[in-house]
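In my numbering, the protein residues as written are 13 to 291. The structure appears right after this line, and notes come after that.
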Ligand SMILES: Nc1ncnc2c1ncn2[C@@H]1O[C@H](COP(=O)(O)OP(=O)(O)O)[C@@H](O)[C@H]1O
Ligand SMILES: [Mg+2]
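Rendered as structure tokens:
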């Protein structure tokens, strides 16, 4: 569905994206997980044609982006990291403008707008100006807008950043509904749990490079399903084990504050980079 081949973006002083190779399958919910500055937004912006790439190729359903820019744009829905809604307009008006821009006729537009407002649970606030919306509502409206023209691929750049815990869970439910509808999704996040809960496969990205790519379960098993966490010399240390027994045996040899727990994607990231995703 989406093929990214040796994609690069260089700014004056940094290689923001440094030779990225990715293949995303139809109907897949794919996560790019990495710390701030890893190159996630730059990648999404290149796929959504907002930022020109330095080199490499982006192919969607066999069509190279260079040659088929207009037809490709119609196949993609984008939810950017920053709010880019018209804040002085209502939700309905924001969607109406988008529908017109994407050449949807009046009847189709009206029908899809109503459907998307319903899907994102914004129907009863559709006539409020967006500046009075909460952060969670704005994010949901951006998703409604991205889906309006029925894209085949949805790009979500850090969809829950800045949301409180309750709003984040509601957003996850909404994203799970999209997933069960079979839409192909590329999501970026620096939240471990988000990638674990939502994504079929996860690519770990740091400094513009893909470090690992697999299902969350396979990534965790490769590192060791059980983590022993202990505090020594003023620092938290982790060791990884394939079984509870092995972990317990090791924990028994340690003194002080020791915790045996299931491993997560943070541990995988830590193992490959020696640093944490969330800082
Ligand atoms: N317009 C820009 N000009 C110069 N450097 C940039 C620009 N946009 C991003 N960068 C740099 O590229 C790197 C990747 O940034 P970004 O893609 O925003 O990362 P992420 O979304 O993973 O936090 C960072 O080092 C960032 O400072
Ligand atoms: Mg970003």
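Note that CB positions come from ideal geometry on N, CA and C, so glycine has one too.
Exposed or buried, which one is residue i when buried takes at least 16 other CB atoms within 10 Å?
| i | result |
| --- | --- |
| residue 224 | buried |
| residue 139 | exposed |
| residue 176 | exposed |
| residue 249 | exposed |
| residue 115 | exposed |
| residue 213 | buried |
| residue 106 | buried |
| residue 91 | buried |
| residue 112 | exposed |
| residue 273 | exposed |
| residue 81 | exposed |
| residue 218 | buried |
Might you give, ordered along the chain, the residues of its own chain that have their beta carbon closer than 7 Å to the beta carbon of residue i, omitting 5 neighbours on each side?
| i | result |
| --- | --- |
| residue 96 | none |
| residue 243 | 268 and 269 |
| residue 39 | 194 and 196 |
| residue 236 | 252, 253, 254 and 275 |
| residue 83 | 75 |
What residues in its chain sit with their C-beta under 8 Å from that of residue i, if we drop five residues either side in the sequence?
| i | result |
| --- | --- |
| residue 17 | 33, 68, 69, 70 and 71 |
| residue 58 | 19, 21, 29, 64, 65 and 70 |
| residue 172 | 151, 179, 180, 183, 184, 201, 203 and 206 |
| residue 76 | 69 and 70 |
| residue 278 | 204, 288, 289 and 290 |
Less than 8 Å separating the beta-carbons of residue i and residue j?
| i | j | result |
| --- | --- | --- |
| residue 93 | residue 53 | yes |
| residue 199 | residue 43 | yes |
| residue 276 | residue 170 | no |
| residue 283 | residue 165 | no |
| residue 98 | residue 125 | no |
| residue 157 | residue 149 | no |
| residue 186 | residue 41 | no |
Beta-carbon within less than 6 Å of residue i's beta-carbon, same chain only, minus the 5 sequence neighbours each way: which residues are those?
| i | result |
| --- | --- |
| residue 147 | 174 and 175 |
| residue 256 | 238 |
| residue 121 | 111 |
With 8 Å as the threshold, decide whether the Cβ of residue i is near any Cβ in chain B.
| i | result |
| --- | --- |
| residue 149 | The structure shown contains no chain B; it is built from a single protein chain. |
Segments of 3+ residues assigned as beta strand (DSSP E) that fall wholly inside the stretch 193-263: Segments of the beta strand (DSSP E) lying fully in the stretch 193-263: 196-201, 213-218, 221-226, 238-244 and 247-253.
Kindly provide the ranges of any alpha helix (DSSP H) runs that are 4 or more residues long and lie completely inside the stretch 68-99, ordered along the chain. The stretch 68-99 contains these whole alpha helix (DSSP H) runs: 81-87.
Fully enclosed by the stretch 107-185, which alpha helix (DSSP H) runs are 4 residues long or longer? The stretch 107-185 contains these whole alpha helix (DSSP H) runs: 118-131 and 147-159.
Collect the residues with a C-beta less than 6 Å away from any heavy atom of ligand 1 and give them in sequence order along the chain. Those residues that bring their Cβ nearer than 6 Å to a heavy atom of ligand 1 are 23, 26, 28, 46, 48, 49, 50, 51, 52, 53 and 54.
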